[in-house]
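These notes are about the structure you will find just below.
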Amino acid sequence: RDLLISFFGGEPSLTPGLIKRVVVYARQSIVNTDVKRVRFNITTNGIMGRSFLNFLIDNDFFLTISMDGLPVVQNSQRPLKRSLRGSFESSQILEKTIKMLVTRNHEFMIRATVTDFSVKYLVPTIEYLHGLGVTQFHCEVINLAGRAMLKTRGQPMKRPTAEDFVENLEVAIIKAGELGMGILNSSYMNLLQPSVHFCDGVGGNRVSVSYTGEVTTCLEVQGGCHPTADYFIVGGYNSKTDDISINPLKQLRICGNPITSQNCCCRDCFAIYTCGGGCPIRNYH
């Protein structure tokens, strides 16, 4: 009964005018339909003007803010563009964004990407974010693709070892519990609700339209130049008919075949319905 519209990037807050138009259009489009309400969420780096942030709050957007943790981590892994930096770092701007959300009692989540550099900071990050008023924290190990392959701190980013990640995550979960914070990771997010798919895109519960008009089942695959485009892109926008067309056979090939039944290494695994076969694009990489 709900229509959920998510804005994902790149950085969606770079197009505030488009987002405002979509909000108006979506609310008008559900009039006289079975849809009870339209909800919005946005995944953003949190670097935006106060007026647009107020717009998101006023329109009840759920915000997932990409922030990798302590200032030493955030400023290293997510630096500002040189022309914007001046005397500021991205962590300083994000602190202001977070404090504004907390002051207005608005629901949001911090989402951190964990690397071999940042994994040792997980517990201090929990303590730091708690001090800012954050109540929900989501962390995932870095997916080595795109910008992650570029040199940062003089070298490409790396994944932490499984042992390092598990050890630090376990302590972070305990610390979050002591502080009353929620902490989420894909390794256990399906414990109470088992799934045969890792994500709702490949599971067929979401339609994603890229900025170039393709219909894709994976948020990373947003153009025909991506090496997996032929597999994940199932349709597109037709400017002549002003309509979205989806190839049902391609969609069925992806969404109708649970990853857990396709991968021979999954079939006998005890955690088959907890991880749902893992992220398809991450598996590919």
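Residue numbering for the sequence shown follows our numbering, beginning at 3 and increasing consecutively. Here a beta-carbon is modelled for each residue, glycine too, at the ideal position from N, C-alpha and C. All values reported here derive from a predicted model rather than from experimental measurement.
Coarse secondary structure for residue 18, derived from DSSP in three states: In the structure shown, residue 18 sits in a helix (DSSP, three-state: H, G or I).
Range of the contiguous beta strand (DSSP E) that encloses residue 238: Per DSSP, residue 238 belongs to the beta strand (DSSP E) from 235–240.
Residue 77, DSSP secondary structure in three states: helix
Nearest neighbour of residue 136, chosen from 113, 123, 152 [CA to CA]: 113
Inter-residue Cα distance where the pair is residue 167 and residue 59: 34 Å
Contacts around residue 143, its chain only, beta-carbon distance under 7 Å, and the 5 residues preceding and following it disregarded: 116, 161, 162, 167
Rounded separation between residue 149 and residue 158 - CA only: 9 Å
Contact belief for residue 130 with residue 171 at Cβ below 8 Å, rounded distance in angstroms: Actually they do not touch by this definition, with Cβ atoms about 16 Å apart.
Assigned secondary structure, residue 141 (DSSP; H/G/I helix, E/B strand, else coil): The DSSP-derived three-state label of residue 141 is strand.
First and last residue of the uninterrupted alpha helix (DSSP H) at residue 105: 92–105
Cutoff 6 Å; reference residue 239; Cβ partners in own chain excluding five residues on either side: Cβ within range, chain order: 215, 246.
Beta-carbon separation (whole angstroms), residue 66 vs residue 45, contact threshold 8 Å: 4 Å
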